[in-house]
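Numbering (UniProt numbering), first residue to last: 1 to 168.
Right, here's the structure in full:
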């Protein structure tokens, strides 16, 4: 598995670094080098969101397209977990097939090691997010899934997307 995070960085100084840097929530971000998962990982938040049907060019991996909801979700996570790096699938899952599959198979590990998981709902959802919730800290709920041995700290943003624009 290859573990990478979006980390805060300085504003791009030249055109070369501009291609590997993106702006969100008033800050600049870049994809980290692969992390050693056997050691202590930096604090990070995971993003959970519904992809939808619309696609846009991916600023981190220009060879692939991503959901039009990725950037608004990333910005929401950056605002609601300001002291953390961010893991979001569209940017942090490797593009190379030999690295992509093991990373996708390790999503339980990735989400369980996060400081929190920020889940963003969409306007078309008719019912509230239904997960077995155990209280842990104010503003954060501990969630256990019967399908996994991992415990998640879930922060649900009751915002949604309307016409491609984030409303939180």
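Glycine included, each C-beta is placed from N, C-alpha and C at the ideal position.
So the alpha helix (DSSP H) residue 103 belongs to, where does it begin and stop? 97-104
Rounded straight-line distance, which links the Cα of residue 43 to that of residue 33
15 Å
**Outcome for residue 104 when other beta-carbon atoms lying within 10 angstroms are tallied against a minimum of 16** = exposed
**Prompt:** Once you ignore the five residues that flank residue 115 on each side, which residues in its own chain have a CB closer than 8 Å to its CB?
**Reply:** 43, 44, 45, 81, 84, 153
Query raised in the report: In three-state terms, what does DSSP make of residue 11?
Result: coil
(Q) My output table needs one value for residue 72: the three-state DSSP class, helix, strand or coil. (A) helix
* Pairwise C-alpha distance: residue 37 and residue 56 -> 31 Å
- Query: For residue 6, which option in 67, 69, 90, 40 has the closest C-alpha, if you only look at C-alpha atoms?
  - Reply: 90
inquiry  = Using only the alpha-carbon positions, how far apart do residue 67 and residue 87 sit?
reply    = 15 Å
(Q) Output needed for residue 95: all residues of its chain with C-beta closer than 7 Å, excluding positions within five of it in sequence on either side, in chain order. (A) 61, 63, 64
Thinking residue 25 and residue 79 are a contact (beta carbons under 8 Å), I'd like their distance in whole angstroms, please.
5 Å
Per DSSP, what kind of secondary structure is residue 116 in: helix, strand or coil? strand
task = May I have the straight-line CA-CA distance separating residue 48 from residue 13, to the nearest angstrom?
result = 32 Å
Among all the DSSP beta bridges, which residues are the ones paired with residue 79? DSSP output for residue 79 lists no bridge partner at all.
### Query
Cα separation between residue 10 and residue 71?
19 Å
With H, G and I counted as helix, E and B as strand and the rest as coil, what does DSSP make of residue 86? strand
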